[in-house]
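Enquirer: My questions will all concern the structure given below.
Encoded structure:
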C-alpha cells in the first residue's frame, strides 16, 4: 500500500506485494538442468512417431499425442533463426530490478533438434549479428548453478 | 433437453504436494486415463475444455499451457476459469450445441502458490482485500451467521467432519481419511472462530477429467453411460454484505431449475446419493437446506437422524467430500466423478448399494456465491 497519498479528487490504490510460487519443474525439465550442470550441454527428446527432437525435453509430442522417453544428448551449439535487440525498459522477472538495456533476445535452433530454443545472445550491435550465425551457449560457473534457465548465461556468436 | 451422458471419468489421488508432477503432467495423465476409461480415442473427441485459474498456476492465460496436454492440438479448445462443475456444465452445453463429444479436464496445484494470498485476491481490492478477507475468514463469517440464525452449536458441524473424514477411509483417492471423534474436532486448533482446523478442508494437488457424449455416441464408449437429467447454475451478489449468508439463494434457484429439468418434485425421495461441495463442515448442512432436502435451519438434523450417513437413506459425500480432499477447481468435478462411479456401481468400498440417481454440486466464489447442480442417473 502507498504510504503517502495525494488527496486529489479521484484516488488510486497501489498494490506491490509479490505473489510467491514454487513450481515443479517435472522429470524432464529437471534432467535438462541436471545435464547442464553435469556436462554443460543440452538434452532433447525424440518422438518415436514423427521423429521430431524437442529441446528442452517434454513429456508429449502434441501433434502425435505421443508420450516421449527417448532422450537425446545435444551439444551447446546452435544457429540464430531470429533475434531482436531490446531497447525498452523492462523489470527483470528474476530480480524485479530494471534490466540493463539494450540486450538481445534470440530464437536459436540447437544442433540436432527440430524446434527452436530461446535465450539471450551477448551481442547488441545489429551490425555484428545476423540470422544464420552459429552460436555457442556459455554457462554459469558450476558452483553458481541453481537449476534454472539462468544457468545458461547467454549464447555467444562463434568466430 | 436431448439425451447426453458422461461416458468417461478419471481422477488423480489427492495429496498435499505432487512435487514430481507439473500441471501439464497432471492434465496429460488425466486425458490419457479418461480416454482409457471410456474406450474412446482422441480421434473421437470433438472439442476440449480445460479448467484452470491464472493466480493458482502463476501464469497468464494458464489454459494455453495445458491445451496440448489435454489432447487439444488442432482441436477446438476453450476454458472455464472456475470450479470444475462449471467447466463440465459448459462441456454439456457444447454437446447439446451439436458436438458429439467433449473432454473436460481440471487441474490445480495449491502447493505451488500461496492459497491464502490467492483467495484473498478474490475480494475487492479497494474495500476488502487489504483487511485480510480470504476464503477461510469469509467462511467463518458465514458459519457464524448460520449458527446465530438457527441456534446451531459447533458440535453439529463437528459431526460432519467426523462423518466425512470417516467416509474418506473408503476412498483410495482421498487426501485425509481419518478416524475422528467430535472431541477431536472440537479440540483441534482454532483457525477463525467458529472454525477449527478439522472443520476446514485441506489444500490438495490433483486433477480430474470426464467425457460427455451425445446419445448417438454413447454406444461407442465401453462404459455404462451416466445420463445428465438436469443441470443448472445460479449466482448472487459479489459483496458478502449484499447477501444473506445463511440463505443460499442461488443454490435454491439452481436446484429448482435442475430438478424441474429432471422432473424431480421430492428430492429426498428422488436421490440415492449426494456429493456436495463441503469446503468447510458447516457447508454440508447449509447446502442440504439450499438443495431442498429439508427446511432452512434443519440441515444438521439430517445427520443427527442418521439420514446422511453411509447407512442412512440419503448418504451424503460417501467419498469423504471436499473436507477430505480439496484440489481447488477440481473438487466439483470430483463430485461429478464420484456420482458417476456410484451410478456405474464402481464405487467399491464407498458404493451406495443400488444407487440409480445422484446429485453432484459445486460452488464458485466465496461462501458459495454461485452454485452448480447436477442430476445424474443410470437410467435414460
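Chains as they are written, first to last, in this note's numbering: chain A, 1156 to 1314; chain B, 24 to 403. Glycine included, C-beta positions come from ideal geometry on N, C-alpha and C.
(1) For a test of the three-state rule: what should DSSP assign to residue 1156 (chain A), helix, strand or coil?
(2) Quick one: using the 10 Å Cβ neighbour count with 16 as the cut-off for buried, is residue 255 (chain B) buried or exposed?
(3) Check the C-beta distance from residue 86 (chain B) over to residue 102 (chain B) and give it rounded, since I have them as a contact under 8 Å.
(4) Tell me whether residue 1311 (chain A) sits in a helix, a strand or coil according to DSSP, three-state version.
(5) When you compare only the Cα positions, how much space is there between residue 388 (chain B) and residue 260 (chain B)?
(6) When the cut-off is 9 Å and only beta carbons count, does residue 1315 (chain A) lie next to chain B?
(7) Which residue from B:200, B:73 and B:295 puts its Cα closest to that of residue 378 (chain B)?
(8) Quick check on residue 1262 (chain A): does DSSP put it in helix, strand or coil?
(9) Should residue 57 (chain B) and residue 128 (chain B) be called a contact, given that it needs their Cβ atoms to be closer than 9 Å?
(10) Let me know the secondary structure DSSP gives residue 71 (chain B) once reduced to three states.
(11) Is the beta carbon of residue 1266 (chain A) closer than 9 Å to that of residue 1233 (chain A)?
(12) Using a threshold of 9 Å, state whether the C-beta atoms of residue 399 (chain B) and residue 29 (chain B) are closer than that.
(13) By DSSP, does residue 1231 (chain A) sit in helix, in strand, or in coil?
(14) Nearest chain B C-beta to residue 1207 (chain A) closer than 9 Å, yes or no?
(15) What does a CB cutoff of less than 7 Å around residue 1294 (chain A) pick up in its chain, not counting 5 residues either side in sequence?
(16) If contact means a Cβ-Cβ distance below 7 Å, which residues of the stretch 1163–1179 of chain A contact chain B?
(17) Just curious, the beta strand (DSSP E) that residue 410 (chain B) is in, first and last residue?
(18) Of all the CB atoms in chain B, is at least one closer than 9 Å to the CB of residue 1289 (chain A)?
(19) Any beta-carbon of chain B closer than 9 Å to the one on residue 1184 (chain A)?
(20) With distance defined between alpha-carbon atoms, name the residue in B:99, B:286 and B:270 nearest to residue 67 (chain B).
(21) Compute the Euclidean distance between the alpha carbons of residue 1156 (chain A) and residue 1264 (chain A), then round it to the nearest angstrom.
(22) Could you check whether the stretch 329–345 of chain B touches the stretch 179–193 of chain B, counting it as contact only if at least three pairs of C-beta atoms, one from each stretch, sit closer than 8 Å?
(23) Using 9 Å as the limit for Cβ to Cβ distance, is residue 140 (chain B) near chain A?
(24) Could you check whether the stretch 69–80 of chain B touches the stretch 312–331 of chain B, counting it as contact only if at least three pairs of C-beta atoms, one from each stretch, sit closer than 8 Å?
(25) Answer with yes or no whether the minimum CB distance from residue 1181 (chain A) to chain B is below 9 Å.
(26) Using a beta-carbon distance below 9 Å, is residue 288 (chain B) in contact with chain A?
(27) Could you give the DSSP three-state label for residue 396 (chain B): helix, strand or coil?
(28) Is there a Cβ from chain A that is less than 9 Å from the Cβ of residue 359 (chain B)?
(29) Using a Cβ-Cβ distance under 9 Å, would residue 1217 (chain A) count as near chain B?
(30) State the DSSP-derived secondary structure class of residue 1171 (chain A), mapped to helix, strand or coil.
(31) Sorted by chain position, which residues of the same chain lie with C-beta nearer than 6 Å to residue 365 (chain B)'s C-beta, five sequence neighbours on each side aside?
(32) Could you tell me the distance, in whole angstroms, from the CA atom of residue 1302 (chain A) to the CA atom of residue 1185 (chain A)?
(33) Is DSSP giving residue 285 (chain B) helix, strand or coil here?
(34) With DSSP run on the structure shown, which of helix, strand or coil describes residue 298 (chain B)?
(35) Counting Cβ pairs closer than 8 Å, one from the stretch 46–60 of chain B and one from the stretch 264–284 of chain B, do we hit at least three?
Expert: Concretely, from the data shown:
(1) For this step, residue 1156 (chain A) is matched to residue 1 along the first chain. Here the model assigns residue 1156 (chain A) a pLDDT of 47, short of 50, so the residue's position is not dependable and the matter cannot be decided.
(2) Locating residue 255 (chain B) in the second chain gives position 232, where the first residue counts as 1. Residue 255 (chain B) should be labelled buried.
(3) Within the second chain, residue 86 (chain B) is the residue found at index 63, counting from 1. Within the second chain, residue 102 (chain B) is the residue found at index 79, counting from 1. The beta-carbon separation of residue 86 (chain B) and residue 102 (chain B), rounded to 4 Å, stays under the 8 Å limit for a contact.
(4) To locate residue 1311 (chain A), count along the first chain from 1; it is residue 156. Note: residue 1311 (chain A) maps to strand in three-state DSSP.
(5) Within the second chain, numbered from 1, the residue matching residue 388 (chain B) stands at position 365. Within the second chain, numbered from 1, the residue matching residue 260 (chain B) stands at position 237. Approximately 10 Å between the Cα atoms of the pair.
(6) Any question about residue 1315 (chain A) goes unanswered here, given that chain A covers just 1156 to 1314.
(7) Locating residue 378 (chain B) in the second chain gives position 355, counting from the first residue. Looking from the CA of residue 378 (chain B), the closest CA among B:200, B:73 and B:295 belongs to B:295.
(8) Within the first chain, residue 1262 (chain A) is the residue found at index 107, counting from 1. Residue 1262 (chain A): strand per DSSP, three-state reduction.
(9) For the purposes of this step, residue 57 (chain B) is taken as residue 34 along the second chain, with counting starting at 1. For the purposes of this step, residue 128 (chain B) is taken as residue 105 along the second chain, with counting starting at 1. If you check the CB distance, residue 57 (chain B) and residue 128 (chain B) come in under 9 Å.
(10) Here residue 71 (chain B) refers to the residue found at position 48 of the second chain. Looking at residue 71 (chain B) - three-state DSSP - the assignment turns out to be strand.
(11) Looking up residue 1233 (chain A) in the first chain gives position 78. Looking up residue 1266 (chain A) in the first chain gives position 111. Yes, these two residues count as a Cβ contact at 9 Å.
(12) Residue mapping note: residue 399 (chain B) aligns to position 376 of the second chain, counting from 1. Residue mapping note: residue 29 (chain B) aligns to position 6 of the second chain, counting from 1. Annotated as proximal: residue 399 (chain B) and residue 29 (chain B), with beta-carbon spacing under 9 Å.
(13) Reading the first chain from its first residue, position 76 is the one you call residue 1231 (chain A). Correct three-state label for residue 1231 (chain A): coil.
(14) Within the first chain, numbered from 1, the residue matching residue 1207 (chain A) stands at position 52. Cβ-Cβ to chain B under 9 Å: no for residue 1207 (chain A).
(15) Here residue 1294 (chain A) corresponds to residue number 139 of the first chain, with the count starting at 1. The beta carbon of residue 1294 (chain A) sits closer than 7 Å to the beta carbons of 1191, 1195, 1306, 1307 and 1308 from its chain, once the five residues preceding and following it are set aside; these are given in chain order.
(16) The residues in question are 1168, 1170, 1174, 1175, 1176, 1177, 1178 and 1179.
(17) Not covered by the structure: residue 410 (chain B). The range shown for chain B is 24 to 403.
(18) For the purposes of this step, residue 1289 (chain A) is taken as the residue at position 134 of the first chain. No Cβ of chain B is located within less than 9 Å of the beta carbon of residue 1289 (chain A).
(19) Taking the first residue of the first chain as position 1, residue 1184 (chain A) is located at position 29. At least one CB of chain B lies nearer than 9 Å to the CB of residue 1184 (chain A).
(20) Position 44 of the second chain, counting from 1, holds the residue named residue 67 (chain B). Closest by alpha carbon: B:99.
(21) Start at 1 with the first residue of the first chain, and residue 1156 (chain A) comes out as number 1. Start at 1 with the first residue of the first chain, and residue 1264 (chain A) comes out as number 109. Low confidence applies to residue 1156 (chain A): its pLDDT is 47, below 50, so where it sits in the model is not reliable, and the reading given next is rough at best. Spanning the two alpha carbons is a distance of roughly 45 Å.
(22) Taking a cut-off of 8 Å on C-beta distances, the stretch 329–345 of chain B touches the stretch 179–193 of chain B, as three or more cross pairs fall below it.
(23) Within the second chain, the letter at position 117 stands for residue 140 (chain B). So yes, residue 140 (chain B) belongs to the interface.
(24) Contact fails: fewer than three Cβ-Cβ distances are below 8 Å.
(25) The residue you call residue 1181 (chain A) lines up with position 26 of the first chain. Closer than 9 Å: yes.
(26) By one-based count along the second chain, residue 288 (chain B) stands at place 265. Residue contact with chain A for residue 288 (chain B): absent (no Cβ-Cβ distance below 9 Å to any residue of chain A).
(27) Translated into positions along the second chain, residue 396 (chain B) becomes position 373. Here residue 396 (chain B) sits in strand by DSSP.
(28) Position 336 of the second chain holds residue 359 (chain B). Answer no: the Cβ-Cβ gap between residue 359 (chain B) and chain A never drops below 9 Å.
(29) To locate residue 1217 (chain A), count along the first chain from 1; it is residue 62. It does; some Cβ of chain B falls within 9 Å.
(30) Translated into positions along the first chain, residue 1171 (chain A) becomes position 16. Coil, per DSSP.
(31) Within the second chain, the letter at position 342 stands for residue 365 (chain B). The answer, listed in chain order, is 296, 375, 378 and 381.
(32) Residue 1302 (chain A) sits at position 147 when you count from the first residue of the first chain. Residue 1185 (chain A) sits at position 30 when you count from the first residue of the first chain. Those two C-alpha atoms are separated by around 8 Å.
(33) For the purposes of this step, residue 285 (chain B) is taken as residue 262 along the second chain, with counting starting at 1. In this structure, residue 285 (chain B) counts as coil in the three-state DSSP scheme.
(34) Residue 298 (chain B) sits at position 275 when you count from the first residue of the second chain. The three-state reading of DSSP puts residue 298 (chain B) in strand, counting E and B together.
(35) Touching, no.
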